[in-house]
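Residue numbers (the numbering used here): 35 to 187. No residue lacks a Cβ here, since even glycine has one placed at the ideal position from N, Cα and C. For reference, the structure is listed below as C-alpha cells.
Below, the structure written as C-alpha cells:
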C-alpha cells in the first residue's frame, strides 16, 4: 500500500511540475506568450530598434524566416532594444512591418544572453535554453536557416 501511494504521489508531482513552465510575459499585441511556445523548442531571438537602419532591412528576412520555420518547432522572436512597452511597442513593431512575435519582456536574464551594444543582434537558443550562437549584424533567412541546420545536425 505504501509503495502504491508513493508511486501515485510521485506521478502527481511530476504532472504538476511539468505544467510549471515560465510564461514569457506578453507580446506586442498584449497577448500572453505561453511557455509552450518557447520551452523545449529552438528559438531565434532578434534585438531590434526603430532607429537602427540594418534592423529595418533585416525585418523582412526575419518575417520570411518565421514563416519557413512554423512547421519545425523553431520560433522567431523579437525584442525591442529600447524596452518599449504596450502601445509604443505595438506601434514600433507595426511601423517596421514585424509579423513575428515581439516579446515585451526581455528574456536576456532567463537565457543568459550576452549583452550587445551593437544592433541588430540575433541569438540562436537550443531546445534546452542554451545559447548556441550570437549573430552580429544584419542576417538573412537563408543564413539563419543554414546556421540552424549546422547547429542541429
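Measuring C-alpha to C-alpha distances from residue 104 to each of 147, 172, 75 identifies 75 as the nearest. The region 63–79 makes contact with the region 155–162: 3 or more CB pairs, one atom from each, lie closer than 8 Å. One thing to note: residue 129 has its Cβ no nearer than 8 Å to the Cβ of residue 118. Fully enclosed alpha helix (DSSP H) runs of no fewer than 4 residues occupy 120–130, 142–145 of the region 89–152, in order along the chain.
Distance from residue 98 to residue 153 at the Cβ level is roughly 20 Å; contact not present, criterion being Cβ atoms closer than 8 Å. Going by DSSP, residue 178 is part of no beta strand (DSSP E) but of the alpha helix (DSSP H) stretching over 175–186.
Taking 8 Å as the cut-off, the beta carbon of residue 178 is found closer than this to the beta carbon of residue 156. Closest by C-alpha distance to residue 96, out of 185, 67, 176, is 176. Taking the C-beta atoms as reference points, residue 134 is found no nearer than 8 Å to residue 113. Excluding its 5 nearest sequence neighbours in each direction, residue 72 has C-beta neighbours in its own chain below 7 Å: 58, 109, listed in chain order.
Contact annotation, residue 138 with residue 123: C-beta distance approximately 6 Å; criterion of less than 8 Å satisfied.
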